[in-house]
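Comments concern the structure below.
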Amino acid sequence: MLDKQDLQAISDLIDAKLTARFQEMEDKLDAKLDAKFAAQTQAFDAKLDARFAAQTQAFDAKLDARFAAQTQAFDAKLDAQTRAFDAKLDAQTQAFDAKLDARTEELKAFVREDVRQAIRENNLAIADIVTEVGDKVTENLTKRLDRMEERLRDVEQVAAQNAYDVQLYKARRGA
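The sequence shown begins at 14 in this note's numbering and counts up one residue at a time.
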């Protein structure tokens, strides 16, 4: 018969075999559960990735559409501001050109008047010079004429004296 030790040894052996078998079954179950969990996790991740990709794509499309609309609105506003600025600049340029043209005409008129005045003054100065020169020439000519008349009188006197002397000589000779 078996004693208590043998029974204990048999019990330990059965216990060890049951524990080993339980561990083996537990490992198989864990492996099956891990494989099933991994497959479910992979399927869930794939669904989640697909859903996230679809949501991201939809969000990107909305964002692109919104950005395009905002860009278009900004470009339209910028174009309107640019046109307004260009129109204002053109108006200011035209006003400036008109003022410049008017001022140029004023200056031309002023210069023309100044030139006319300068010509008048020059003409008066020339007239004064011509008058002065004419007066001097007249004075010189008058002096020359006076001297010539004096010489002419002297020549006439000498000629008259010579004629008288010739007459006297002829009269003396003929007498």
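Cβ coordinates follow ideal geometry from the N, Cα and C atoms, glycine included.
- Item | In chain order, each beta strand (DSSP E) run of at least 3 residues that lies wholly inside the segment 20-102 | none
- Query: Helix or strand or just coil, what does DSSP make of residue 14?
  - Reply: Position 1 of the sequence shown holds residue 14. Coil at residue 14, not helix or strand.
- Taking the C-alpha atoms as reference points, what is the distance between residue 27 and residue 38? The sequence position of residue 27 within the sequence shown is 14, counting from 1. The sequence position of residue 38 within the sequence shown is 25, counting from 1. Rounded to whole angstroms, residue 27 to residue 38 spans 16 Å at the Cα level.
- Span separating the alpha-carbon of residue 20 from that of residue 45: Counted from its first residue, the sequence shown places residue 20 at position 7. Counted from its first residue, the sequence shown places residue 45 at position 32. Distance between the alpha carbons of residue 20 and residue 45: 36 Å.
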